[in-house]
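A.B. asks:
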Amino acid sequence: MSLFSEVPAAPPIEVFKLSRDFREDPCDKKVSLGVGAYRDDEGKPWVLPVVKKMEKKLHEDIDKNSINHEYLPILGLEPFSTAATKMLLGTNSKAIQEGRAFGVQSLSGTGALRNGAEFCNKMLKQTVFYVSTPTWGNHNSIFLKSGFLEARKYRYWNNESKGFDFEGMMEDLKNAPENAVIILHAVAHNPTGIDPTQEQWKAIADIMQERKLFPFFDCAYQGFASGDLDKDAWAVRYFADDRGFELFCAQSFSKNFGLYNERCGNLSFVLKSSDNIVNINSQLTVIIRGAYSNPPAHGCRIVEGVLNDSNLYNEWKESIKIMSGRIMSMRQGLRERLEKLNTPGKWNHITDQIGMFSFTGMNPDMVSYLVKEKHIYLLSNGRISVAGLNPSNIDYVAESMNEAVNKFQ
Numbered sequence: 001m002s003l004f005s006e007v008p009a010a011p012p013i014e015v016f017k018l019s020r021d022f023r024e025d026p027c028d029k030k031v032s033l034g035v036g037a038y039r040d041d042e043g044k045p046w047v048l049p050v051v052k053k054m055e056k057k058l059h060e061d062i063d064k065n066s067i068n069h070e071y072l073p074i075l076g077l078e079p080f081s082t083a084a085t086k087m088l089l090g091t092n093s094k095a096i097q098e099g100r101a102f103g104v105q106s107l108s109g110t111g112a113l114r115n116g117a118e119f120c121n122k123m124l125k126q127t128v129f130y131v132s133t134p135t136w137g138n139h140n141s142i143f144l145k146s147g148f149l150e151a152r153k154y155r156y157w158n159n160e161s162k163g164f165d166f167e168g169m170m171e172d173l174k175n176a177p178e179n180a181v182i183i184l185h186a187v188a189h190n191p192t193g194i195d196p197t198q199e200q201w202k203a204i205a206d207i208m209q210e211r212k213l214f215p216f217f218d219c220a221y222q223g224f225a226s227g228d229l230d231k232d233a234w235a236v237r238y239f240a241d242d243r244g245f246e247l248f249c250a251q252s253f254s255k256n257f258g259l260y261n262e263r264c265g266n267l268s269f270v271l272k273s274s275d276n277i278v279n280i281n282s283q284l285t286v287i288i289r290g291a292y293s294n295p296p297a298h299g300c301r302i303v304e305g306v307l308n309d310s311n312l313y314n315e316w317k318e319s320i321k322i323m324s325g326r327i328m329s330m331r332q333g334l335r336e337r338l339e340k341l342n343t344p345g346k347w348n349h350i351t352d353q354i355g356m357f358s359f360t361g362m363n364p365d366m367v368s369y370l371v372k373e374k375h376i377y378l379l380s381n382g383r384i385s386v387a388g389l390n391p392s393n394i395d396y397v398a399e400s401m402n403e404a405v406n407k408f409q
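One point on numbering: in the UniProt record's numbering, the residue at position 330 of the sequence shown is 330, and numbering is uninterrupted.
So this is what it looks like as structure tokens:
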């Protein structure tokens with residue numbers, strides 16, 4: 001008998017299983033609304049023009065021997081992390097000006113979360129973390145595998161109102177134990193697309209300071225949500241500068257640069273004093289060395305090159321507006337079509353939400369009908385990637401949703 005005979009099969013990861021099922025489906029009308037990746041009006045991936053320009057420049061730099069494929073430092077490409085942290089906190093950030101904010105290159109947002117979670121557990125002795133209900137499917141796994149002992153939830157989505165359960169979140173945070181890590185979605189909450197208002201963020205900060213809770217932001221959509229980099233970073237900047245929190249923030253450049261397979265991310269730190277940075281970096285070096293030794297260079301060289309070149313930076317911001325604007329247009333189009341079809345229920349939540357995803361509120365029977373009968377692939381919780389909608393499929397999706405709701409309401 002083989003040593004591996006008793007190894008059980010792990011359950012499939014839903015979003016990747018959906019992608020595989022979609023690829024294998026021969027139906028001409030099939031629609032992929034599962035994976036969170038941007039698509040253009042023709043349903044195709046879009047390589048941003050500034051990314052193409054930077055890749056050409058990097059090839060030229062290799063030819064000139066000005067860059068190579070040597071190992072990066074364990075903590076990554078410092079000019080990238082500096083630029084990424086500045087993009088997050090803003091050019092006028094007090095934390096940056098006072099030298100108490102810095103970043104560490106990580107393997108996209110997932111790697112940044114993992115590096116931060118391991119540091120919290122090993123160095124700060126934190127064992128309890130809170131996630132929103134619902135949250136991104138990987139949050140729990142990352143923190144539990146990093147040594148945390150207990151995953152707790154704070155209320156977030158109200159299924160009756162199809163909106164934010166602010167009162168529920170506040171009550172749950174009031175009952176959280178001191179020093180608990182609170183995972184907060186910086187903007188474009190995944191999967192609901194519902195964000196707190198600025199006044200609600202202020203109240204959340206009040207409770208967290210009162211209860212001595214630690215904010216760990218997950219920022220995967222800066223600029224991609226509203227088309228405005230500063231607007232999308234408001235919550236993090238408020239916590240860091242206006243309220244003086246020490247915090248971590250995991251940044252991903254998968255969505256706003258379209259660099260999904262480059263695994264380009266940054267873990268930003270905001271501290272009360274710069275005195276501790278050297279020691280923190282030494283411990284992060286140990287954590288990263290035992291995980292993957294060194295990060296990859298290509299994607300982060302692209303991002304760093306764009307962020308530090310004013311012309312490319314401005315061109316990139318225009319690309320962000322194109323992507324976010326197309327998604328907003330598809331939201332509006334889907335809502336209008338459902339309302340024109342007199343689909344039961346209210347559908348204003350589709351346009352009230354922001355970012356790549358919409359939490360439709362459809363129940364499992366409706367979702368199953370869409371997947372099995374209409375070949376429209378979406379998550380079982382009713383989340384759709386609005387980026388998967390386009391002028392060629394939006395009518396079919398709306399008509400199919402209308403059928404599903406009427407059959408299983």
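All C-beta atoms in this analysis are idealised placements derived from N, C-alpha and C, irrespective of residue type, glycine included. This one's a predicted model, so the numbers in the text were calculated from it and none came from an experiment.
1. Less than 9 Å between the C-beta atoms of Gly76 and Cys300, yes or no?
2. Straight-line CA distance for Leu341 to Asn393?
3. For Tyr238, which three-state DSSP category applies?
4. Considering only DSSP beta bridges, list what Ala250 is partnered with.
5. Looking at C-beta atoms only, is the number of pairs between the stretch 142 to 152 and the stretch 313 to 331 that lie closer than 8 Å three or more?
6. Is the beta carbon of Leu370 sitting closer than 9 Å to the one on Ala398?
7. Quickly, what does DSSP pair Thr133 with across the bridge? List them, please.
8. Specify the secondary structure class of Gln105 as computed by DSSP and reduced to three states.
9. From what residue to what residue does the alpha helix (DSSP H) around Ile62 run?
10. DSSP has Phe357 in a bridge; who is on the other side?
11. Determine the extent of the beta strand (DSSP E) in which His69 is found, giving its start and end residues.
12. Got a sec, what are the start and stop residues for the alpha helix (DSSP H) Ile302 sits in?
13. Beta carbon of Asn390, beta carbon of Arg39: below 9 Å?
14. Out of curiosity, what's the CA-to-CA distance linking Gln353 and Leu259?
15. Any Cβ of chain B within less than 9 Å of the Cβ of Asp165?
16. Look at the alpha carbon of Glu70 and the alpha carbon of Pro12, and state the distance between them as a whole number of angstroms.
17. If you follow the alpha helix (DSSP H) that Ile350 is in, where does it begin and where does it stop?
18. Excluding five sequence neighbours on each side, which residues of the same chain lie with their C-beta closer than 6 Å to the C-beta of Val50?
19. In this structure, how does DSSP classify His189 when only helix, strand and coil are distinguished?
20. Since Phe102 and Phe269 are thought to touch, with beta carbons under 8 Å apart, how far apart are those beta carbons, to the nearest angstrom?
C.D. replies: Let's see:
1. yes
2. Going by the C-alpha atoms only, they are around 16 Å apart.
3. Helix, per DSSP.
4. Asp218 and Leu267
5. no
6. no
7. Paired residues: Arg155.
8. In the structure shown, Gln105 sits in a strand (DSSP, three-state: E or B).
9. Taken as a continuous stretch (DSSP letters only), the alpha helix (DSSP H) holding Ile62 covers Pro49 to Asp63.
10. Ser385
11. Boundaries cannot be given for His69, as no beta strand (DSSP E) includes it and DSSP labels it neither H nor E.
12. His298 to Leu307
13. yes
14. 24 Å
15. Looking at the structure shown, chain B is missing, and only one protein chain is on hand.
16. Whole-angstrom Cα-Cα distance: 36 Å.
17. His349 to Asp352 is the span of the alpha helix (DSSP H), which, as asked, contains Ile350.
18. Val306, Leu312, Glu315 and Trp316
19. coil
20. 6 Å
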